[in-house]
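Data first, discussion second: the structure below is written as C-alpha cells.
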Amino acid sequence: MPDPTEFDLERFLPYLLNQAAEATSKSFQATYKAAYGMTRTQWRVLANLGKFGAMTARDICAITHVEKTKVSRAVSTLEENGLLSRATSPLDRRAEILSLTDRGREVFADLGQKAIDYDRALRARIGPKIAAQLDERLRRIIARAGADGDGD
0 MPDPTEFDLE
10 RFLPYLLNQA
20 AEATSKSFQA
30 TYKAAYGMTR
40 TQWRVLANLG
50 KFGAMTARDI
60 CAITHVEKTK
70 VSRAVSTLEE
80 NGLLSRATSP
90 LDRRAEILSL
100 TDRGREVFAD
110 LGQKAIDYDR
120 ALRARIGPKI
130 AAQLDERLRR
140 IIARAGADGD
150 GD
C-alpha cells in the first residue's frame, strides 16, 4: 500500500487526466494525419472554427489552451492549404477574423464524422455506463476549475 504522505506522480489526478487526454488525442491524431497530413494544432484550429464559426487566433488560443505561436503556424498552414481564410476585423484593424473556406468545411465535415466514429468506439471500449459517468465527472471538474478561476 502506498504511503499517503509521499507524493506519487502516478496517483496524482492531474497527471492521470493528462495521460488519458494525451493517449486518446494521439490515437485520434493518426486519423487526421493520415487523411490530411494535419498536426494536432491544425486539427484543433479547424475543429474550433468548424464548431464555433469565425473567430480570431486569440479566441482559438483561449479555447484550446494552445500557445499563440503554435496557433499562428497552424493558421498559416491551413490558409496555404486552402482550408481557412483571413479578413481584417471591422472592430479592431489589428485583429484578423479566421473562417473556414468551402474546402475547410468539407474537411471539417469529413474529420467530424471520423471523430464521431472514434468517440463511439472509445465509449464502446470502456462501456456505456462508465462512459456516461466519466462524461459527467469530467464536466464537473471542468466547471469547478472554471469557477475556481484556475489560471496561471
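Note that numbering that gives the first Met the number 0 has the sequence shown beginning at 0, numbered continuously upward.
Cβ atoms here follow ideal geometry from the backbone N, Cα and C, with glycine treated the same way.
Quick one: what's got a C-beta closer than 8 Å to residue i's C-beta in the same chain, skipping five residues either side?
i, result
"residue 151", "Residue placement at residue 151 is flagged as unreliable, the pLDDT there being 48, under the threshold of 50; a coordinate-derived value is accordingly withheld."
"residue 69", "40"
"residue 83", "44, 45, 48, 74, 77, 97, 98, 99, 100 and 103"
"residue 125", "133"
If you follow the beta strand (DSSP E) that residue i is part of, which residue opens it and which one closes it?
i, result
"residue 87", "83 to 87"
How big is the Cα-Cα spacing for residue i and residue j?
i, j, result
"residue 116", "residue 4", "43 Å"
"residue 109", "residue 91", "33 Å"
"residue 133", "residue 111", "22 Å"
"residue 81", "residue 34", "16 Å"
"residue 65", "residue 52", "18 Å"
Please return the same chain residues whose Cβ sits closer than 6 Å to the Cβ of residue i, not counting the five positions on each side in sequence.
i, result
"residue 14", "8"
"residue 113", "30"
The alpha helix (DSSP H) that contains residue i, what's its start and end?
i, result
"residue 15", "12 to 35"
"residue 152", "Because the chain is modelled from 0 through 151, residue 152 falls outside the range shown and cannot be assessed."
Under 9 Å, Cβ to Cβ, is there at least one residue of chain D near residue i?
i, result
"residue 56", "Here there is only one protein chain, and chain D is not present."
On a Cα-Cα basis, can you pick out the residue from the options that is closest to residue i?
i, options, result
"residue 86", "63, 56 and 61", "56"
ask   = So, do the region 76 to 95 and the region 18 to 28 have three or more beta carbon pairs nearer to each other than 8 Å?
value = With the rule of 3 Cβ pairs closer than 8 Å, the region 76 to 95 does not count as touching the region 18 to 28.
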